[in-house]
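Student: Okay, handing you the structure first.
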Amino acid sequence: MSQPQPNSQSLAPQQPTLDPAKLEKLSLVERELADLMAKKKLLDKQLTSIEANIYSYEGSYLEDPAGNIVKGYDGYVHSLGGGRASSSLALDSARGSTNRKVKVAEADRIFSQSSVTYQKSLETKNKELS
Numbered sequence: 001m002s003q004p005q006p007n008s009q010s011l012a013p014q015q016p017t018l019d020p021a022k023l024e025k026l027s028l029v030e031r032e033l034a035d036l037m038a039k040k041k042l043l044d045k046q047l048t049s050i051e052a053n054i055y056s057y058e059g060s061y062l063e064d065p066a067g068n069i070v071k072g073y074d075g076y077v078h079s080l081g082g083g084r085a086s087s088s089l090a091l092d093s094a095r096g097s098t099n100r101k102v103k104v105a106e107a108d109r110i111f112s113q114s115s116v117t118y119q120k121s122l123e124t125k126n127k128e129l130s
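The opening position of the sequence shown corresponds to residue 1 in our numbering, with each subsequent residue numbered one higher.
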C-alpha cells in the first residue's frame, strides 16, 4: 500500500496570473514607493543638517561667558561690578574680552535634546565624519 508520489511540479508555488491593468497599477505603485523613499532619504538628510546647525548654535550660545538661560547670567552680573562700571564696558567684558570658554555639558543642551531624532542625527553625523 504505497501512496503515489506527488508530482514535483505540483509542489511548486503557483504564480497567480495578473491581468495587464493590475500589472500596470503595480508598476505605478512601485515607482511611487521608490519616489517616496528617495524623498524620505532627502528629508532625513536635511533634518540631520538642521539638527547639526542647532547643536552648533546652541554650543556657541552656551559657551558665552556672560551667561545663558540654562546656567544663569552670573558672568554678566559680576562684570557690572555693583553698578560702578559703565554699562558698555561691563557688557564688553561680559561678552568675551576675558576669552574664557565655558565647558558645555550634554545635559545643558536642552534645545538639541528636545528633538526625538537628536541621538540618531549625532550618530549619522559622526559616521559621515569618520
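The beta-carbon is built from N, C-alpha and C at its ideal position, and this holds for glycine as well.
Relative to the C-alpha of tyrosine 118, which candidate in Tyr55, Asp108 and Tyr73 has its C-alpha closest?
Tutor: Tyrosine 118 has its Cα closest to that of Tyr55, out of Tyr55, Asp108 and Tyr73.
Student: State the DSSP-derived secondary structure class of tyrosine 67, mapped to helix, strand or coil.
Tutor: In the sequence under discussion, the amino acid at residue 67 is glycine, which differs from the tyrosine named in the question. Here glycine 67 sits in coil by DSSP.
Student: Does the stretch 23-36 come within contact of the stretch 107-122, defined as at least 3 CB pairs closer than 8 Å?
Tutor: Segments in contact, no.
Student: Does the beta-carbon of serine 121 have 16 or more other beta-carbons within 10 angstroms, so that it is buried, or is it exposed?
Tutor: Counting Cβ neighbours within 10 Å, serine 121 comes out buried, since at least 16 surround it.
Student: Would you kindly check if the distance between the Cβ of asparagine 68 and the Cβ of leucine 62 is under 8 Å?
Tutor: Against a cut-off of 8 Å, the Cβ pair of asparagine 68 and leucine 62 comes out as a contact.
Student: From the DSSP secondary-structure annotation, give me the bridge partner or partners of glycine 72.
Tutor: Answer is Asn68, bridged to glycine 72.
Student: Would you kindly work out how many angstroms separate the C-alpha atoms of alanine 66 and alanine 107, rounded to a whole number?
Tutor: So the two alpha carbons sit approximately 19 Å from each other.
Student: Comparing alpha-carbon positions, which option in Asp74, Leu26, Leu47 and Gly72 lies nearest lysine 125?
Tutor: Out of Asp74, Leu26, Leu47 and Gly72, Leu47 has the C-alpha closest to the C-alpha of lysine 125.
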